[in-house]
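Here is the structure we will look at, set down as structure tokens.
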Amino acid sequence: MKNVRHLIEPSDLTNDEILTLVNLGIEMEDNPKKYADLCKGKILGSLFFEPSTRTKFSFDSAMLRLGGSLMGFTDANTTSAKKGESLGDTIKVMGSYTDIIVMRHPKEGAPKLASEYSTIPVINGGDGGHQHPTQTLTDLITITKYKNTIENHTIAFCGDLKFGRTVHSLIKTLARFNTKKFYLISPKELRLPEFIIDKIKSKYDVEIEEITQLEDAMDKIDILYMTRIQKERFFNEEDYLKLKNSYILTNDKIKNAKDDMIIMHPLPRVNEISPEIDTNKRAIYFEQARLGVYVRMALIAKLLGEI
Ligand code: NCD
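Quick note on numbering: the sequence shown equals residues 3 to 309 in the numbering used here.
In structure tokens:
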């Protein structure tokens, strides 16, 4: 078990490993034929205890494009979890049916627990409001393609910074790469947890400014990372309804934006980005979703030791 590598949170990867995965992803996108049989005979176990579109299907697509196969579920009610089987037992068995596991779970820490029982690599495909490391890799390949480097940008995170796991993973990772400044834009109820801010400030020399109005930062940012208000993580419907339309990006709101500013979103969006933005040249979120396939190909190949 000792030599098995897992990806539970971005800190499981060094900066060099992250850059290698991003560059390998770009290379795989450019030369798909070269990698088409790389994982032939290998099986991806895809265990989704919580809904997903992009993470689930981009992993499936990644494995198929590497020549591998897949099995799994998107509804844990069809599995023995429903009969009361422990996660540890499920994982132990899946380890003899598959070669690598991607797992999404509503409980924070579940993929970490799974990795402790697993004899094969476990990838966290999102755990509750905690972490989402492969979305971070997706975001980083996108930033690299559009901005040439992941260093030295001014980045605004906007929306649900409290429950949004994509933000938690990405901000901690970007802090490791000389980010110039972070703007944190949220209603006060959905601020980025204090412990994350403290951790970043104690380790890195990066400016962090918290504001509530998106327009106040618009002309200063290189990357705008919009997020969905995480309805499923609220304790009551009333609070969600109060906050759900906190930010709605329209053409009018971005009129002062830099010409080469990029607008990202992990998707799914609800109504935080008006569809009129989709045709704006700054909107790259569908490309971002597409690029996720290639960086996940790179990750699978690396964790399986095929490259
Ligand atoms: C995100 C997630 O699941 O955290 N989606 C994704 O994986 N691209 C974002 C979200 O659900 O808001």
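Every residue gets a Cβ at the ideal spot worked out from N, C-alpha and C, and that includes glycine.
- Judged by DSSP secondary structure, residue 71 falls outside any alpha helix (DSSP H) and instead within the beta strand (DSSP E) spanning 71-75.
- Here the alpha carbon of residue 291 sits roughly 15 Å from the alpha carbon of residue 300.
- Residue 307 counts as exposed, since fewer than 16 other beta carbons sit within 10 angstroms of its beta carbon.
- With distances taken between CA atoms, residue 241 lies nearest to 190 out of 190, 128 and 51.
- The secondary-structure analysis by DSSP pairs residue 165 with nothing; it has no beta-bridge partner.
- The beta carbon of residue 188 sits no closer than 7 Å to any heavy atom of ligand 1.
- Exclusion of the five residues before and after residue 168 leaves 134, 137 and 268 as the residues of its chain whose Cβ lies within less than 6 Å of its Cβ.
- Look at residue 128: its beta carbon is less than 7 Å from one of the heavy atoms in ligand 1.
- Listed in chain order, the non-local C-beta contacts of residue 236 below 7 Å within the same chain comprise 242, local neighbours out to five positions each way being set aside.
- Beta-bridge annotation (DSSP): residue 46 is paired with 72 and 102.
- Taking every protein chain shown into account, the CB of residue 249 has 16 or more other CB atoms within 10 angstroms, so this residue is buried.
- Spatial neighbours of residue 23 in its own chain (CB-CB distance under 7 Å, excluding positions within 5 residues in sequence) are listed in chain order as 139, 297, 300, 301 and 304.
- Per the C-alpha coordinates, the member of 147, 6 and 126 positioned closest to residue 29 is 147.
- Assignment of alpha helix (DSSP H) within the segment 84-153, counting only whole runs of 4 or more residues, yields 89-99, 112-119 and 135-149 in chain order.
- Taking each of 155, 80, 184 and 225 in turn and checking the Cα distance to residue 52, the smallest one comes out for 80.
- In this structure, residue 266 lies near residue 287, with their beta-carbon atoms less than 8 Å apart.
- The alpha helix (DSSP H) runs of length 4 or more contained entirely in the segment 169-247 are, from start to end of the chain, 196-205 and 239-245.
- Between the beta-carbon of residue 166 and that of residue 229 there is about 5 Å, and that keeps the pair under the 8 Å contact cut.
- Assigned with DSSP and collapsed to three states, residue 306 falls in coil, not helix or strand.
- In this structure, the alpha-carbon of residue 208 lies about 8 Å from that of residue 202.
- With distances taken between CA atoms, residue 216 lies nearest to 254 out of 254, 83 and 206.
- In the structure shown, residue 38 adopts coil according to DSSP, grouped into three states.
- Annotated three-state conformation of residue 286 is coil, per DSSP.
- Residue nearest to residue 101 within the set 194, 124 and 275 is 124 (criterion: CA-CA distance).
- Nearest to residue 152 by C-alpha distance, out of 293, 21 and 6, is 21.
- The beta carbon of residue 293 lies closer than 8 Å to those of 27, 31, 140, 143, 144 and 147 in the same chain, with the five residues before and after it left out.
- Here residue 266 carries a strand assignment [DSSP, helix/strand/coil].
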